[in-house]
Amino acid sequence: MLRCRKHDNFASALADLPRDPRADDYPMPTVPYGWYAVLRSAELRPGKVVNLHYFGRALIAFRASDGQAAVRDAHCPHYGAHLGVGGKVVDGTVECPFHGWRFGTDGRCVEAPFAVRTPKVSIGGFPVREHSGLVFVYAGPPGESAADQTSQGESAAAEPAWEVPEIPEAVSREFAAPVDDTCTARIHIQEMRENIVDESHFHFIHGQAEPPVQDWRVDGPFAEVRGRIRRRVFGWDVDNTFDAFMYGPGVMVVRTHGPVLSVTAVALSTPVDDRTSELRMLYYLRKPARAPFLTPLFKLLFRREALGEVREEVRIWDHKIHRARPVLLTHEKGIKALRRWYAQFYPPGLP
8 MLRCRKHDNF ASALADLPRD PRADDYPMPT VPYGWYAVLR SAELRPGKVV NLHYFGRALI
68 AFRASDGQAA VRDAHCPHYG AHLGVGGKVV DGTVECPFHG WRFGTDGRCV EAPFAVRTPK
128 VSIGGFPVRE HSGLVFVYAG PPGESAADQT SQGESAAAEP AWEVPEIPEA VSREFAAPVD
188 DTCTARIHIQ EMRENIVDES HFHFIHGQAE PPVQDWRVDG PFAEVRGRIR RRVFGWDVDN
248 TFDAFMYGPG VMVVRTHGPV LSVTAVALST PVDDRTSELR MLYYLRKPAR APFLTPLFKL
308 LFRREALGEV REEVRIWDHK IHRARPVLLT HEKGIKALRR WYAQFYPPGL P
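Quick note on the numbering used here: the sequence shown kicks off at 8 and runs consecutively.
Encoded structure:
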C-alpha cells in the first residue's frame with residue numbers, strides 16, 4: 008500500500024506542474040520509418056470497422072472477405088465523411104455511411120452508387136502484415152507508383168525492405184495469455200526506446216544494486232542488447248539474464264530468463280501525434296512446468312510488481328525534455344550507441 012500511495016502522490020504532484028514548452032520540442036521527425044503494431048489480431052473482428060488514431064491521422068482497420076487485414080485513412084475522398092463513424096463492412100469492403108461509396112483493402116474505390124463509371128480514387132493507407140497475434144503497419148517514405156496516389160495527391164508508404172520476425176511466445180502453449188498494459192506519454196518514441204539502454208535507471212526505477220553491463224549488437228534495422236537483472240523481489244534475490252531484440256523503431260521483444268520466472272515482454276511504441284506516443288506492453292509469462300495452476304498467481308504478482316514501475320517511468324517521460332547532448336557518465340554508453348543505430352530510421356541529411 009505504501010508503494011501505491013507513493014505513486015499516487017507522485018502523479019498528483021506532476022499533474023499540478025505547469026508544462027515546459029521544451030517538453031514538446033524534438034529535432035527529429037515524429038514518425039521514424041519502420042513497422043508499428045496498431046492492433047492485436049483479436050481486436051479486429053471480421054465484419055467490423057475499427058477506429059484508430061496514429062501518426063497524427065484518423066485511421067480505420069477492417070478485414071476483407073478472406074480475412075486479410077487493412078489499415079487505411081479514415082476519410083472518404085468523395086465528400087470527407089469518416090468511414091469509421093457509421094461505416095460498415097460489406098462483402099469485404101468498407102462502405103461510406105454518407106453516400107455508399109465502397110473501398111477495398113487496397114484503398115481503391117470499387118463502387119459508387121449512381122456513378123456512370125467508378126471513380127479512380129482511393130484512400131491512403133499502409134502496407135500491412137499480421138502475425139504473432141498482432142497487426143503491423145509500415146510507415147515509411149512515400150511510394151513512387153502512380154497507383155498509390157489518392158484523390159488528394161497523397162501517396163501510400165513504399166514497400167518495406169525488411170520485416171518484423173515472428174514472436175513464437177505469442178502462439179506457444181507454454182506461455183500464458185499476455186498481461187496487456189497500455190500507456191501514453193508526451194514523449195518521442197525514440198526516448199521510450201532509449202530507456203532499455205539507460206544503464207543507471209535500472210537502480211533508481213527497477214531496484215537493481217548497480218547499473219548493468221550491457222552487450223550491444225547491431226545488424227541493419229535490427230539490434231540486440233544483452234544484460235543481467237539482479238534485484239530483490241518479495242524477499243527473493245532474483246538474478247535473471249535478459250535479451251532485448253529491437254526490430255526497427257516500433258517493436259522490441261525483451262526475454263528475461265530466470266530459475267523462478269521467465270517473461271517475454273513485447274514493447275510496442277507507436278507515435279499517436281506530434282506530441283504523444285503510445286507504449287503497449289504485452290507480457291507473456293511462461294507457465295510453471297510442474298505447477299501450471301499457479302500461473303494466475305504469478306500473473307497477479309507480476310502485475311503488482313512490474314506495472315507500477317512502468318507507470319513511474321511514463322510519468323517521468325511525460326515531463327522530461329529532449330537533451331541532444333546529454334551529460335553522460337563513463338559507464339553510460341547505451342544511449343549514444345542506440346542513437347547512432349536509430350538515426351537510420353529518419354530521412355537522410357538530418358543533423
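By construction, the Cβ of each residue, glycine as well, lies at the ideal position given by its N, Cα and C atoms.
Around the Cβ of residue i, are there at least 16 other Cβ atoms within 10 angstroms (buried) or fewer (exposed)?
| i | result |
| --- | --- |
| W169 | exposed |
| E217 | exposed |
| Y86 | exposed |
| I328 | exposed |
| V220 | exposed |
| D222 | exposed |
| L336 | exposed |
| E206 | buried |
Along the chain, where does the alpha helix (DSSP H) containing residue i start, and where does it finish?
| i | result |
| --- | --- |
| A344 | 341-349 |
| T302 | 302-309 |
| W169 | Careful: W169 lies outside any alpha helix (DSSP H) and carries neither H nor E. |
| R322 | 315-324 |
| F211 | 208-211 |
| R287 | It is not in any alpha helix (DSSP H) - R287 instead sits in the beta strand (DSSP E) that spans 284-292. |
| I196 | 196-201 |
Nearest by alpha-carbon distance to residue i: which of the options is it?
| i | options | result |
| --- | --- | --- |
| D140 | S179, S207, P228 | At residue 140 the sequence reads Gly, which differs from the Asp that was named. Of the candidates S179, S207, P228, the one whose C-alpha sits nearest the C-alpha of G140 is S179. |
| A88 | Y254, I130, P172 | I130 |
| G27 | R193, G114, Y40 | With the sequence shown as reference, residue 27 is identified as Asp, and Gly is not the correct amino acid for it. When each option's Cα is compared against that of D27, the closest is R193. |
| E173 | C103, L301, P148, H138 | H138 |
| P278 | H338, K306, R64 | R64 |
| L59 | P295, V38, A77 | A77 |
| R136 | V56, E50, Q75 | Q75 |
| Y145 | D80, Y43, E339 | Y43 |
| P333 | M259, A119, H213, E201 | E201 |
Using three-state DSSP, classify residue i as helix, strand or coil.
| i | result |
| --- | --- |
| S48 | helix |
| H106 | coil |
| E231 | strand |
| P28 | helix |
| L59 | strand |
| F133 | coil |
| M35 | coil |
| V204 | helix |
| A272 | strand |
| P175 | helix |
Going along the chain, which residues of its own chain have a beta-carbon closer than 8 angstroms to the beta-carbon of residue i, five neighbours each way excluded?
| i | result |
| --- | --- |
| F309 | V186, L268, V270, Y290, L292 |
| F241 | Low confidence applies to F241: its pLDDT is 47, below 50, so where it sits in the model is not reliable, and the reading given next is rough at best. So the list reads L308, E312, once near-sequence residues are dropped. |
| M35 | H195, Q197, Y353, L357 |
So the beta strand (DSSP E) residue i belongs to, where does it begin and stop?
| i | result |
| --- | --- |
| E118 | 116-118 |
| L141 | 141-146 |
| R262 | 258-264 |
Could you pull out every residue in the same chain whose Cβ sits closer than 7 angstroms to the Cβ of residue i, ignoring the five residues on either side in sequence?
| i | result |
| --- | --- |
| R347 | none |
| S48 | E137, G140, L141, V142 |
Identify, in the order they occur along the chain, each residue of the same chain with its Cβ nearer than 6 angstroms to the Cβ of residue i, setting aside the five sequence neighbours on each side.
| i | result |
| --- | --- |
| P354 | none |
| G114 | R79, S129, I130, G132 |
| G7 | Lying outside 8 to 358, the shown extent of the chain, residue 7 is not represented and no answer is given. |
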